[in-house]
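Novice:
Structure, rendered in structure tokens:
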């Protein structure tokens, strides 16, 4: 069966280490620049419905949309000041903030189960312990990669006990199909596509709490200097979140149309593996990122003098969203 490779680079990718640098001042006050991403369904709802534009209709402020194909690109927008609001995985946001990108997370756009460990029945792999000595595809520095490291740790293994084949998410999917690797640290929508369109694909290790949430990040200057505009963005997000919860099939349809994935794949990604119930960041997010922060240091994803654990509280703002939600 010919494999379709769509949405290259999408999902929670945070490959490459961001370094501290001179960050632009963001868009001018006459424009609010917000990203949309296939891994952030609420952003697609807002863009489809025009609700963000409606939120600024009485102000003369323009809304500009930019497409983020992964957390790495969203962080690049934040680092350069090209976007006021951007969507990443939680661990990607922490990495960026630790490396000097001035972002704050006042809102959680989803709690997704967007990654798991995948194999085929014929490999004989039934548990994480069976990965010892095996080849595993993963995109280093991404949520699936961190998921793999945590899973290995649970089984008393480390990265040294497996051969990690560093491939972008779609290429990892293809390598598993060809038999070039024994397992894959998968990412939706590629993972859901594989489940639905290829017999024998198995998600043999799932642990939702190892997925690092979907963080909506605001430039610090945007929150501090344009607070009213930031509040309107969150109000629009709340409208979109509530509508998506009430209209899951329609939201899956918007996701399918925007991303060119099939309707069954979109349905599985949104209705089965995306939770929109808790938009306010809090202690569970702090605990998870604090637990993962040593991995950022060990893998060289932050600068040598960085303190990711100490940066968690700087990143997460639990107060701003409570005024809106």
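Residue numbers (this note's numbering): 22 to 346. Where a beta carbon is used, it is the ideal one built from N, C-alpha and C, also for glycine. Because the structure is a prediction, the values reported are computed rather than measured.
#1: What three-state label does DSSP hand residue 137 in the structure shown?
#2: Below 8 Å between beta carbons: does that hold for residue 120 and residue 323?
#3: Kindly list the residues whose CB is nearer than 6 Å to the CB of residue 42, restricted to its own chain and excluding five residues on each side of it in sequence; keep chain order.
#4: Report the rounded CA-to-CA distance for residue 284 versus residue 170, giving the unit in angstroms.
#5: Quick one: any contact between the segment 239 to 253 and the segment 103 to 122, if contact means 3 or more CB pairs under 8 Å?
#6: Of all the CB atoms in chain C, is at least one closer than 8 Å to the CB of residue 138?
#7: Would you mind stating whether residue 117 and residue 56 have Cβ atoms separated by less than 8 Å?
#8: Run through the DSSP bridge pairs and tell me what residue 235 is partnered with.
#9: Look up residue 24 in the DSSP assignment and say whether it is helix, strand or coil.
#10: Count the other CB atoms within 10 Å of the CB of residue 244; is the residue buried (16 or more) or exposed (fewer)?
#11: Along the chain, where does the beta strand (DSSP E) containing residue 54 start, and where does it finish?
#12: Taking all protein chains shown into account, do 16 or more other C-beta atoms lie within 10 angstroms of the C-beta of residue 164, making it buried, or fewer, making it exposed?
#13: Going by the beta-carbon positions, is the gap between residue 339 and residue 303 smaller than 8 Å?
#14: Which residues share a DSSP beta bridge with residue 86?
#15: Among the residues of its own chain, which have a CB less than 8 Å from the CB of residue 276, if the five just before and after it don't count?
#16: Where are the beta strand (DSSP E) runs, 3 residues long or more, that stay fully inside the segment 234 to 307, in chain order?
#17: Out of 79, 80, 84, which has the shortest C-alpha to C-alpha gap to residue 71?
#18: Could you pull out every residue in the same chain whose Cβ sits closer than 7 Å to the Cβ of residue 137, ignoring the five residues on either side in sequence?
#19: At a threshold of 7 Å, does residue 209 count as lining the ligand SAH (C-beta to nearest heavy atom)?
#20: Once DSSP output is grouped into helix, strand and coil, what is the label at residue 207?
#21: Using the rule of at least 16 other Cβ atoms within 10 Å of the residue's Cβ for burial, across every protein chain shown, is residue 230 buried or exposed?
#22: Quick one: grab the DSSP three-state call for residue 224.
#23: Mapping DSSP to helix, strand and coil, what is residue 332?
#24: Does DSSP classify residue 316 as helix, strand or coil?
#25: If you draw a straight line from the alpha carbon of residue 233 to that of residue 75, how long is it in whole angstroms?
#26: Please classify residue 46: does DSSP put it in a helix, a strand, or coil?
#27: Residue 68 lies in the beta strand (DSSP E); which residues open and close that run?
#28: Under the three-state reduction of DSSP, which class applies to residue 96: helix, strand or coil?
#29: Is the beta carbon of residue 139 closer than 8 Å to that of residue 196?
#30: Would you identify the three-state DSSP class for residue 325, choosing helix, strand or coil?
Specialist: In short:
#1: In the chain shown, counting from the first residue as 1, residue 137 sits at position 116. Residue 137: strand per DSSP, three-state reduction.
#2: Numbered from its first residue, the chain shown carries residue 120 at position 99. Numbered from its first residue, the chain shown carries residue 323 at position 302. It is a contact, given that the beta carbons lie within the stated cut-off.
#3: As a first step, residue 42 must be located in the chain shown, where it is residue number 21. The predicted position of residue 42 is uncertain, since its pLDDT is 40 and thus under 50; a value taken from the coordinates is nonetheless stated next. Here residue 42 has no same chain residue with a Cβ atom under 6 Å from its own Cβ, once five neighbours each way along the sequence are excluded.
#4: Taking the chain shown and counting its residues from 1, one reaches residue 284 at position 263. Taking the chain shown and counting its residues from 1, one reaches residue 170 at position 149. Separation of residue 284 and residue 170 (C-alpha to C-alpha, rounded to the nearest whole angstrom) is 32 Å.
#5: Yes, the segment 239 to 253 is in contact with the segment 103 to 122.
#6: Going by chain labels, chain C is absent from the structure shown, which holds only one protein chain.
#7: For this step, residue 117 is matched to residue 96 along the chain shown. For this step, residue 56 is matched to residue 35 along the chain shown. In this structure, residue 117 lies away from residue 56, with their beta-carbon atoms at least 8 Å apart.
#8: Looking up residue 235 in the chain shown gives position 214. DSSP output for residue 235 lists 110, 131 as bridge partner(s).
#9: Here the question's residue 24 lines up with position 3 in the chain shown. In this prediction, residue 24 scores a pLDDT of 29, lower than 50, which makes its location untrustworthy; the coordinate-derived value is nonetheless stated afterwards. Under the three-state reduction of DSSP output, residue 24 falls in the coil class, being neither helix nor strand.
#10: As a first step, residue 244 must be located in the chain shown, where it is residue number 223. Counting Cβ neighbours within 10 Å, residue 244 comes out buried, since at least 16 surround it.
#11: In the chain shown, counting from the first residue as 1, residue 54 sits at position 33. DSSP places residue 54 inside the beta strand (DSSP E), whose first and last residues are 52 to 57.
#12: Position 143 of the chain shown, counting from 1, holds the residue named residue 164. It is buried - the Cβ of residue 164 has at least 16 other Cβ atoms within 10 Å.
#13: Along the chain shown, one-based indexing puts residue 339 at 318. Along the chain shown, one-based indexing puts residue 303 at 282. Contact: yes.
#14: Taking the chain shown and counting its residues from 1, one reaches residue 86 at position 65. Partner(s): 55.
#15: Numbered from its first residue, the chain shown carries residue 276 at position 255. The beta carbon of residue 276 is closer than 8 Å to those of 59, 62, 65, 282, 287, 290, 291 in its chain, skipping five residues each way along the sequence.
#16: Restricting attention to beta strand (DSSP E) runs no shorter than 3 residues, the segment 234 to 307 encloses them at 235 to 240, ordered along the chain.
#17: Locating residue 71 in the chain shown gives position 50, where the first residue counts as 1. With distances taken between Cα atoms, residue 71 lies closest to 84.
#18: Here residue 137 refers to the residue found at position 116 of the chain shown. Taking C-beta separations shorter than 7 Å and ignoring five residues to either side along the sequence, the partners of residue 137 in its chain run 207, 212, 224, 226, 227, following chain order.
#19: You won't find the ligand SAH in this model; it holds no ligand whatsoever.
#20: Walking along the chain shown from the start, residue 207 turns up at place 186. Secondary structure of residue 207 (DSSP, three-state): strand.
#21: If you number the chain shown from 1, residue 230 lands on position 209. Around the CB of residue 230, fewer than 16 other CB atoms lie within 10 Å, so the residue is classed as exposed.
#22: As a position in the chain shown, residue 224 is number 203, starting the count at 1. The three-state secondary structure of residue 224, taken from DSSP, is strand.
#23: Translated into positions along the chain shown, residue 332 becomes position 311. Secondary structure of residue 332 (DSSP, three-state): helix.
#24: Counting from 1 along the chain shown, the entry for residue 316 is found at position 295. Helix, per DSSP.
#25: Taking the first residue of the chain shown as 1, we reach residue 233 at position 212. Taking the first residue of the chain shown as 1, we reach residue 75 at position 54. Straight-line spacing of the CA atoms in residue 233 and residue 75 works out to 31 Å.
#26: Sequence index remark: in the chain shown, residue 46 carries index 25 (1-based). Residue placement at residue 46 is poorly supported in this model, since its pLDDT is 41, which falls under 50; the coordinates are not used for a value here.
#27: Start at 1 with the first residue of the chain shown, and residue 68 comes out as number 47. Per DSSP, residue 68 belongs to no beta strand (DSSP E); it is in the alpha helix (DSSP H), 62 to 70.
#28: In the chain shown, the residue the question calls residue 96 occupies position 75. When secondary structure is reduced to three states using DSSP, residue 96 falls in the helix class.
#29: Within the chain shown, residue 196 is the residue found at index 175, counting from 1. Within the chain shown, residue 139 is the residue found at index 118, counting from 1. Against a cut-off of 8 Å, the Cβ pair of residue 139 and residue 196 comes out as no contact.
#30: Mapped onto the chain shown, residue 325 falls at position 304. In the three-state reduction of the DSSP assignment, residue 325 falls in the coil class, being assigned neither a helical nor a strand state.
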